[in-house]
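> All residue numbers for the sequence shown refer to this note's numbering, where the first residue is 711 and numbers rise by one.
We treat Cβ as the ideally placed atom computed from N, Cα and C, and that holds for glycine.
Computed from a predicted model, the values in this text were never measured in an experiment.
Before we start, here is the structure in question, set down as structure tokens.
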Amino acid sequence: RGVIEREGAAMGVLITLDPPSQPMKTEAAAAGYYTSPGWGRDYPRLQILTVEGLLAGVERLDRPPAAVTFKQAQKEKTEQDAQQPGFDFE
Numbered sequence: 711r712g713v714i715e716r717e718g719a720a721m722g723v724l725i726t727l728d729p730p731s732q733p734m735k736t737e738a739a740a741a742g743y744y745t746s747p748g749w750g751r752d753y754p755r756l757q758i759l760t761v762e763g764l765l766a767g768v769e770r771l772d773r774p775p776a777a778v779t780f781k782q783a784q785k786e787k788t789e790q791d792a793q794q795p796g797f798d799f800e
């Protein structure tokens with residue numbers, strides 16, 4: 711949970727080889743939930759998944775279905791973008 715808070719991340723995931731211990735589950739639950747503004751649904755802020763569960767298809771990351779929760783900067787126009795490409799005939 712410390713990394714999520716330090717980095718200002720909305721969510722985090724820990725993928726482990728071994729099943730999570732009870733203290734790990736408690737820590738994940740204490741991290742709370744992230745509410746997606748685009749979907750209006752709560753997602754666990756810290757999720758613990760096992761390699762075995764992921765490979766077996768019984769575990770998956772519970773996250774918003776699209777990246778609508780992230781701000782995207784506008785593309786910066788360059789001088790080359792402003793010029794129309796052409797052919798150099800002489």
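If you compare alpha carbons, which of Pro-774, Val-768, Lys-787 is closest to Pro-747?
Residue numbering aside, residue 747 sits at position 37 when the sequence shown is read from its first letter. Considering only alpha carbons, the answer is Pro-774.
> Can you find the residues in the same chain that come closer than 6 Å, C-beta to C-beta, to Gly-718, ignoring five residues on each side of it along the sequence?
By one-based count along the sequence shown, residue 718 stands at place 8. Nothing meets the Cβ criterion.
> Tell me which same chain residues have a C-beta within less than 6 Å of the C-beta of Gly-742, skipping the five on either side of it?
Here residue 742 is taken as the residue at index 32 of the sequence shown, counted from 1. The residues are Arg-755.
> Taking the alpha carbon of Glu-769 as the point to measure from, which residue in Met-721, Arg-711, Thr-726, Val-713 has its own alpha carbon closest?
As a first step, residue 769 is located in the sequence shown; it is residue number 59 there, counting from the start. Comparing Cα positions, the closest option is Thr-726.
> Are there 16 or more other CB atoms within 10 angstroms of the CB of Gly-722, so buried, or fewer, so exposed?
Within the sequence shown, residue 722 is the residue found at index 12, counting from 1. Buried: at least 16 other Cβ atoms inside 10 Å.
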